[in-house]
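Shown next, in structure tokens, is the structure this report addresses.
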Amino acid sequence: MNKKLAVIILGLYALSVLGAIIIIVQQKVTAKKIDIQQITSKNVLVVVPVSGVISAETTGGGYLPTVQDTDRMVRYLEALAKRPEVKAVVLRINSPGGNVAAVQEIYNQILNLRQHKKIVVASFLDIAASGGYYLACAADRIVANPGSLCGSIGVLMQIGNVEDLLKKIGIKVDTFRSGEYKDIGSPFRSITPMEKQLLNAVINDAYQQFLEAVIKGRPKMSESKVREIADGRIFTGHQAKEIGLVDELGDREKAIEVAKELTGIKENWKIETYAPRPWERIIEIFETKNFLPLELRQFNFTHLAYLWQ
1 MNKKLAVIIL GLYALSVLGA IIIIVQQKVT AKKIDIQQIT SKNVLVVVPV
51 SGVISAETTG GGYLPTVQDT DRMVRYLEAL AKRPEVKAVV LRINSPGGNV
101 AAVQEIYNQI LNLRQHKKIV VASFLDIAAS GGYYLACAAD RIVANPGSLC
151 GSIGVLMQIG NVEDLLKKIG IKVDTFRSGE YKDIGSPFRS ITPMEKQLLN
201 AVINDAYQQF LEAVIKGRPK MSESKVREIA DGRIFTGHQA KEIGLVDELG
251 DREKAIEVAK ELTGIKENWK IETYAPRPWE RIIEIFETKN FLPLELRQFN
301 FTHLAYLWQ
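Heads up: the sequence shown begins at 1 in my numbering, then just goes up one per residue.
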């Protein structure tokens with residue numbers, strides 16, 4: 001019985017490996033075809049989806065990642081910047097934001113695209129809040145659907161406390177530290193007043209960085225107006241346009257139209273849409289070290305986030 005089970009398991013494993021190889025081969029063939037099209041097309045516009053919570057790690061709520069992998073996105077945007085035939089990029093944002101540094105890395109690559117003379121237009125789907133909106137501030141133009149949710153300019157840090165729970169079940173945690181604040185944010189004890197001051201200083205600094213990105217990206221808005229609405233509140237796309245957080249209302253096609261107009265090029269366009277290659281998704285499944293949702297794994301670790309919840 002055990003031998004039969006082992007044979008079945010090995011057989012399934014062999015089939016999965018074979019399937020992965022077939023997908024990779026097919027992808028390589030497709031990639032070659034795309035490369036030929038790129039050579040013959042003078043002007044390329046690339047639609048790049050930015051979806052989910054923005055984080056430096058991939059994770060699962062199932063068998064596929066549920067977050068925007070920062071490293072992969074950074075590599076892809078770097079590659080786009082080096083392609084001379086790419087004249088414009090439409091960022092299709094559908095994200096509530098994410099970890100501060102992860103958001104900033106993608107933001108910097110969007111600025112890099114513009115430095116390489118690419119037109120960048122941000123297009124909002126359901127939500128482009130907090131870090132999602134931060135990314136849009138690096139674009140040349142922002143286009144939102146009237147019902148898109150956006151804004152939420154601010155910083156979030158959440159620290160769980162399980163001290164009372166552990167006491168109830170008879171568990172005690174002893175902590176040895178090299179300095180008074182080494183375990184700041186520990187879920188095993190309450191935050192002291194001084195620690196609250198220190199953490200608020202960190203939050204305020206990250207908040208100032210967010211403000212500067214918005215002020216720089218929305219030059220038609222006065223600094224006083226930005227500060228007035230930068231208290232975490234969210235807006236519909238329609239409201240955001242009224243106050244200056246969004247340039248135009250429209251869907252994906254409208255964003256593509258705006259991007260083309262900004263380049264000044266009227267003809268010979270080819271539209272590409274970025275998507276992770278099948279073999280990349282397979283690798284992610286095996287590389288994912290923890291299939292717990294991101295929120296659960298961050299419960300016992302202090303994260304600074306441009307995130308709307």
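Beta carbons are placed, not taken as given, at the ideal position from N, Cα and C, and that holds for glycine.
Checklist line | CB of residue 237 within 8 Å of CB of residue 94, strictly | finding: For residue 237 and residue 94, no; Cβs fall outside 8 Å.
Notebook entry, point to check: Three-state secondary structure (DSSP) at residue 126?
Noted result: If DSSP states are grouped into helix, strand and coil, residue 126 belongs with the strands.
Item checked: Inter-stretch contact at 8 Å, needing at least 3 Cβ pairs: the stretch 45-57 / the stretch 88-104 -> Yes: the two stretches touch, three or more of their Cβ pairs being nearer than 8 Å.
Next item on the list: Report buried or exposed for residue 70, applying the criterion of at least 16 other Cβ atoms within 10 angstroms of its Cβ.
Entry: With 16 or more other CB atoms across the displayed protein chains lying within 10 angstroms of its CB, residue 70 is buried.
Next item on the list: Tell me, to the nearest whole angstrom, how far the beta carbon of residue 305 is from that of residue 157; I am working on the premise that it is less than 8 Å.
Entry: Yes, residue 305 and residue 157 are in contact; Cβ-Cβ is about 7 Å, under 8 Å.
Item checked: Strand pairing of residue 270, partner residues [DSSP] -> Paired residue(s): 44.
Notebook entry, point to check: Does the distance from the CB of residue 90 to the CB of residue 68 come in under 8 Å?
Noted result: No, the pair does not count as a contact, with Cβ atoms beyond the cut-off.
Note to self: Going by DSSP, what residue range makes up the beta strand (DSSP E) through residue 210?
What the structure shows: Careful: residue 210 lies outside any beta strand (DSSP E), inside the alpha helix (DSSP H) at 193-217.
Check: DSSP three-state call for residue 94: helix, strand or coil?
Finding: Correct three-state label for residue 94: strand.
Notebook entry, point to check: How should residue 201 be labelled, buried or exposed, when 16 other C-beta atoms within 10 angstroms of its C-beta is the threshold for buried?
Noted result: Exposed is the label assigned to residue 201, since fewer than 16 other Cβ atoms lie within 10 Å of its Cβ.
Check: So, residue 155 versus residue 206, is the Cβ gap smaller than 8 Å?
Finding: Inclusion of residue 155 and residue 206 in the CB contact set at 8 Å is warranted, their separation being smaller than that value.
Check: Mind checking residue 231: buried by the 16 CB within 10 Å criterion, or exposed?
Finding: Exposed.
Notebook entry, point to check: Bridge partners of residue 156, per DSSP?
Noted result: Beta-bridge partners assigned by DSSP to residue 156: 305.
Next item on the list: Find out if the Cβ-Cβ distance for the pair residue 161, residue 187 is shorter than 8 Å.
Entry: Remark: C-beta atoms of residue 161 and residue 187 approach each other more closely than 8 Å.
Check: Does the beta carbon of residue 303 sit closer than 8 Å to a beta carbon anywhere in chain B?
Finding: Looking for chain B here will not work: only one protein chain is present.
Next item on the list: Assign residue 308 to buried or exposed, taking buried as 16 or more other Cβ atoms, counted over all protein chains shown, within 10 Å of its Cβ.
Entry: Buried, by the Cβ-count rule.
Check: Per DSSP, what kind of secondary structure is residue 69 in: helix, strand or coil?
Finding: Correct three-state label for residue 69: strand.
Notebook entry, point to check: Straight-line CA distance for residue 123 to residue 183?
Noted result: Approximately 41 Å, taken between the alpha carbons.
Next item on the list: Drop a sphere of 10 angstroms on the beta-carbon of residue 25, count the other beta-carbons inside from all chains shown, and report buried for 16 or more, exposed for fewer.
Entry: Legend: pLDDT at residue 25 = 46, less than 50; position of this residue unreliable, no value from coordinates given.
Next item on the list: Could you have a look at residue 167 and say whether DSSP puts it in helix, strand or coil?
Entry: Helix.
Next item on the list: Using 10 angstroms around the beta-carbon of residue 210, count the other beta-carbons present and answer buried if the total reaches 16, otherwise exposed.
Entry: Residue 210 is buried by the Cβ-count criterion.
Check: If you draw a straight line from the alpha carbon of residue 218 to that of residue 191, how long is it in whole angstroms?
Finding: Straight-line measurement puts the Cα of residue 191 at about 37 Å from the Cα of residue 218.
Note to self: I need the DSSP call for residue 260, collapsed to helix, strand or coil.
What the structure shows: Here residue 260 sits in helix by DSSP.
Margin query: Just list the residues that DSSP pairs residue 249 with in beta bridges.
Written below: Bridge partners of residue 249: 144.
Margin query: Check whether the stretch 246-258 and the stretch 132-145 are in contact - that is, three or more C-beta pairs closer than 8 Å.
Written below: The stretch 246-258 vs the stretch 132-145: in contact.
Check: Smallest Cα separation from residue 147: which of 241, 163 and 174?
Finding: When each option's Cα is compared against that of residue 147, the closest is 241.
Next item on the list: Please state whether DSSP places residue 108 in a helix, a strand or coil.
Entry: In the structure shown, residue 108 sits in a helix (DSSP, three-state: H, G or I).
Margin query: Going by DSSP in three states, residue 132 sits in which element: helix, strand or coil?
Written below: Reduced to three states, the DSSP call for residue 132 is helix.
Notebook entry, point to check: DSSP three-state call for residue 63: helix, strand or coil?
Noted result: Unreliable positioning characterises residue 63 in this predicted model, as indicated by a pLDDT of 36, which lies under 50. The coordinate reading is nonetheless provided below. The answer is coil: DSSP assigns residue 63 none of H, G, I, E or B.
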